[in-house]
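Protein sequence lines, in the order shown, are assigned to chains A and B.
Going by this note's numbering, the first residue of the first sequence is number 1, and it counts up by one from there.
Going by this note's numbering, the first residue of the second sequence is number 1, and it counts up by one from there.
Virtual Cβ for every residue (Gly too), placed ideally from N, Cα, C.
Small disclaimer: the values here were computed from a predicted structure and weren't measured.
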Amino acid sequence: GNSVTQMEGPVTLSEEAFLTINCTYTATGYPSLFWYVQYPGEGLQLLLKATKADDKGSNKGFEATYRKETTSFHLEKGSVQVSDSAVYFCALIRGSQGNLIFGKGTKLSVKP
Amino acid sequence: KAGVTQTPRYLIKTRGQQVTLSCSPISGHRSVSWYQQTPGQGLQFLFEYFSETQRNKGNFPGRFSGRQFSNSRSEMNVSTLELGDSALYLCASSLVGRDLEAFFGQGTRLTVV
C-alpha cells in the first residue's frame with residue numbers, strides 16, 4: 001500500500017544551521033508530494049508541494065525535490081530561524097480523489 | 001478569504017456519550033476531509049465528502065460518521081465515545097483536481113474522560 005516514512009525526531013538545531021528532514025515514500029503510479037507544517041496549537045499549513053518527478057517545491061526558504069528514482073522528497077533549508085520551530089509532516093496523495101497519507105511527523109526545535 | 005473554520009475548538013465529553021464536530025470549508029471548496037491526530041498513531045484519514053456524498057473512507061469503526069450539507073459544510077459524529085477517541089480532529093477543504101491543495105482548520109481538541 002501507499003506509505004510515507006520520515007526521519008524520527010526531535011531535531012534540535014542552532015539558529016542559522018542547515019536543515020534536512022528525510023522523507024521517502026511507497027506508492028504506485030505518480031503521487032503528488034507535500035510538506036505540511038504544524039505550529040503549536042494550530043492546524044496544518046501547506047509548506048510546499050511537487051506534483052511530478054524532478055519538480056522542486058519551494059517556500060519561505062524551504063525546498064524539496066521530487067526524486068522518483070529514490071522515491072524521496074527530502075526537506076531542506078539553508079539557515080533555520082527560531083520561528084521555524086514546529087512539527088513537519090511529509091505527505092502524499094494519489095489521484096484527484098485520494099486522501100492525504102502522512103508520515104509520523106518530525107519535531108524541529110531551533111535554539112537561539 | 002476566510003479559512004477553514006472548525007467548531008468548537010475544545011470539547012470534553014464523558015465515555016459513552018456522543019459528539020458532533022462542525023467544519024465550514026473555504027468558500028467555493030466542495031471537498032471536505034476529516035483526519036484524526038493522536039500522538040501514537042499520527043494523522044489518520046477518516047473520510048472525505050464531495051457534493052454531499054462520501055467519496056472515500058478510512059479504516060475507522062462505524063461509530064465514526066459524517067455528512068456534508070448542500071452549502072459544503074460538514075459535520076462528523078462519534079457515538080459511544082471511548083477514551084481512545086481523545087484526539088485533535090482536523091478538517092481540510094480543497095478544490096477538486098489532480099493538483100489539489102488541502103487547507104486545514106485549526107482543529108477540534110476532543111478529550112474523553
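Here's a check: name, in chain order, each residue in its chain whose Cβ is nearer than 6 Å to the Cβ of residue i, leaving out the five neighbours to either side.
{"i": "residue 57(B)", "result": "47"}
{"i": "residue 49(B)", "result": "32, 68 and 74"}
{"i": "residue 98(B)", "result": "With a pLDDT of 46 at residue 98(B), under the threshold of 50, the modelled position of that residue is not reliable, and the figure given next carries that caveat. The answer is none, since no qualifying residue turns up."}
{"i": "residue 76(B)", "result": "21, 34 and 66"}
Could you check the C-alpha separation between residue i and residue j for me, to the nearest Å?
{"i": "residue 12(A)", "j": "residue 100(A)", "result": "27 Å"}
{"i": "residue 8(A)", "j": "residue 86(A)", "result": "14 Å"}
{"i": "residue 38(B)", "j": "residue 78(B)", "result": "16 Å"}
{"i": "residue 4(A)", "j": "residue 29(B)", "result": "26 Å"}
{"i": "residue 112(A)", "j": "residue 36(B)", "result": "33 Å"}
{"i": "residue 59(A)", "j": "residue 5(B)", "result": "24 Å"}
{"i": "residue 65(A)", "j": "residue 88(B)", "result": "30 Å"}
{"i": "residue 92(A)", "j": "residue 8(B)", "result": "28 Å"}
{"i": "residue 6(A)", "j": "residue 45(A)", "result": "18 Å"}
{"i": "residue 71(A)", "j": "residue 24(A)", "result": "6 Å"}
{"i": "residue 38(A)", "j": "residue 92(B)", "result": "14 Å"}
{"i": "residue 54(B)", "j": "residue 84(A)", "result": "36 Å"}
{"i": "residue 12(B)", "j": "residue 84(B)", "result": "13 Å"}
{"i": "residue 67(A)", "j": "residue 57(A)", "result": "12 Å"}
{"i": "residue 72(B)", "j": "residue 94(B)", "result": "11 Å"}
{"i": "residue 69(A)", "j": "residue 62(B)", "result": "40 Å"}
Would you say residue i faces chain B, with C-beta separation under 8 Å as the test?
{"i": "residue 33(A)", "result": "no"}
{"i": "residue 2(A)", "result": "no"}
{"i": "residue 8(A)", "result": "no"}
{"i": "residue 59(A)", "result": "no"}
Using a Cβ-Cβ cutoff of less than 8 Å, which residues in the same chain neighbour residue i once the five nearest sequence positions on both sides are dropped?
{"i": "residue 14(B)", "result": "81, 112 and 113"}
{"i": "residue 52(B)", "result": "67, 68, 69 and 70"}
{"i": "residue 10(A)", "result": "106, 107, 108 and 109"}
For a quick check, are the C-beta atoms of residue i and residue j less than 8 Å apart?
{"i": "residue 103(A)", "j": "residue 106(B)", "result": "no"}
{"i": "residue 20(A)", "j": "residue 74(A)", "result": "yes"}
{"i": "residue 82(A)", "j": "residue 16(A)", "result": "no"}
{"i": "residue 77(A)", "j": "residue 61(A)", "result": "yes"}
{"i": "residue 64(B)", "j": "residue 3(B)", "result": "no"}
{"i": "residue 89(A)", "j": "residue 43(B)", "result": "yes"}
Using 8 Å as the limit for Cβ to Cβ distance, is residue i near chain A?
{"i": "residue 54(B)", "result": "no"}
{"i": "residue 106(B)", "result": "yes"}
* Asked: Should the region 28 to 39 of chain A be regarded as contacting the region 6 to 25 of chain B, the criterion being three or more beta carbon pairs within less than 8 Å?
  -> no
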